[in-house]
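Okay, structure first, notes after.
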Amino acid sequence: EGKVLYVGKAKNLPKRVSSYANAGKLPIRLKRMVAEIQTIEILQTKTEAEALLLEANLIKTLKPIYNILLRDDKTFPYILLEEDHDFPRVTKYRGKKKKGKGSYYGPFASAGSVNETIAELQKIFMIRPCTDSFFDSRLRACLQYQIKRCSGPCVGKISKEDYAVATQLAKDFLS
C-alpha cells in the first residue's frame with residue numbers, strides 16, 4: 036500500500052539484508068514483515084552518528100509498524116542558549132524547538148555529550164547555567180562563580196556588554 040514497514044540502520048548492509056532472507060530462523064513478526072516487502076530504499080550517510088539520527092527521525096515521522104524501538108516521544112538533546120534575558124544562560128533542552136526562545140545547537144546523539152559540552156562552555160566562556168528565578172534571588176556569588184564556571188552576572192561581577200561578548204563567542208564556537 037506504499038506504507039513504510041520498517042526503518043533500520045546497518046554497518047554491513049549485505050549481511051543485514053541477507054539475515055532477513057533466511058526466513059526459517061526469523062520470528063513470526065519478522066516473517067510477516069518480510070512477506071509484505073515490495074521495495075527496499077537505501078539512504079547512505081557519512082557517519083554512524085548521522086545514521087542514528089536519521090533512523091530515529093524517520094521512525095518518529097513515518098511511524099513504521101514494525102519499528103517498536105525509538106517510537107517513544109523522547110527527542111534528541113540540544114544545547115539551548117536562552118536569549119530572552121540580559122544575561123543569557125546555557126542549558127540542555129529536549130523537545131520541539133520554540134521560536135524566539137533562543138539559539139539551539141544540535142541535535143546530539145547522547146545527553147552525556149551535551150552535558151560535557153555545556154561543562155566546557157562554562158569553563159571557557161563562563162556562561163551562567165542557573166534558572167532565571169535562581170539568578171534573580173542571588174545576594175552573593177554562587178558555587179559556579181567560585182569554581183570559575185560562571186562570570187557572576189547575578190551579583191554584578193561582569194558588565195552586560197562583557198557578558199554579551201562572551202555569549203557571542205560561545206555562539207560562534209557552537210556554530
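Note that this note's numbering numbers the sequence shown so that position 140 is 175, with each residue one more than the last. All C-beta atoms, glycine included, are put in the ideal place defined by N, C-alpha and C.
In the DSSP assignment, find the unbroken alpha helix (DSSP H) run with E36 in it and report its ends.
-> As a position in the sequence shown, residue 36 is number 1, starting the count at 1. No alpha helix (DSSP H) contains E36, which DSSP labels as neither H nor E.
Indicate the three-state DSSP secondary structure (helix, strand or coil) for E76 in the structure shown.
-> Stepping through the sequence shown from its first residue, residue 76 is reached at position 41. Here E76 sits in coil by DSSP.
Is the Cβ-Cβ distance between Y113 and G141 less than 8 Å?
-> Within the sequence shown, the letter at position 78 stands for residue 113. Within the sequence shown, the letter at position 106 stands for residue 141. Result yes, Cβ atoms of Y113 and G141 sit closer than 8 Å.
Give the secondary structure of E118 by DSSP, where H, G and I count as helix, E and B as strand, and everything else as coil.
-> For the purposes of this step, residue 118 is taken as the residue at position 83 of the sequence shown. In this structure, E118 counts as coil in the three-state DSSP scheme.
Proximity of F143 and F111 at Cβ, strictly below 8 Å | In the sequence shown, the residue the question calls residue 143 occupies position 108. In the sequence shown, the residue the question calls residue 111 occupies position 76. A contact, by the Cβ cut-off of 8 Å.
Check G130 in the structure and name its three-state DSSP category.
-> For the purposes of this step, residue 130 is taken as the residue at position 95 of the sequence shown. It is coil, neither helix nor strand.
When the distance is taken between beta carbons, is L89 closer than 8 Å to L78?
-> Here residue 78 refers to the residue found at position 43 of the sequence shown. Here residue 89 refers to the residue found at position 54 of the sequence shown. A contact, by the Cβ cut-off of 8 Å.
Using DSSP with H/G/I as helix, E/B as strand and the rest coil, what is Y139?
-> Indexing the sequence shown from 1 puts residue 139 at position 104. Strand.
So what's I63 in DSSP terms, helix, strand or just coil?
-> Along the sequence shown, read from residue 1 onward, the residue named residue 63 stands at position 28. Here DSSP, grouped into helix, strand and coil, assigns I63 to helix.
Which first and last residues belong to the alpha helix (DSSP H) in which G147 is found?
-> Your numbering for residue 147 matches position 112 in the sequence shown. Counting along the chain, the alpha helix (DSSP H) containing G147 begins and ends at A146 to F160.
Give the single residue among S54, E71 and E151 whose Cα lies nearest to the Cα of A45.
-> By one-based count along the sequence shown, residue 45 stands at place 10. Checked all of S54, E71 and E151; the closest Cα to A45 is S54.
Taking just the CA atoms, how far does T74 sit from K133?
-> One-based indexing of the sequence shown puts residue 133 at position 98. One-based indexing of the sequence shown puts residue 74 at position 39. Approximately 37 Å, taken between the alpha carbons.
Report yes if the C-beta distance between I94 and V52 is below 8 Å; otherwise report no.
-> Walking along the sequence shown from the start, residue 94 turns up at place 59. Walking along the sequence shown from the start, residue 52 turns up at place 17. In this structure, V52 does not lie closer than 8 Å to I94 by Cβ.
Roughly how many angstroms lie between the CA atoms of K131 and Y139, to the nearest whole one?
-> If you number the sequence shown from 1, residue 131 lands on position 96. If you number the sequence shown from 1, residue 139 lands on position 104. The straight-line gap from Cα to Cα measures roughly 11 Å.
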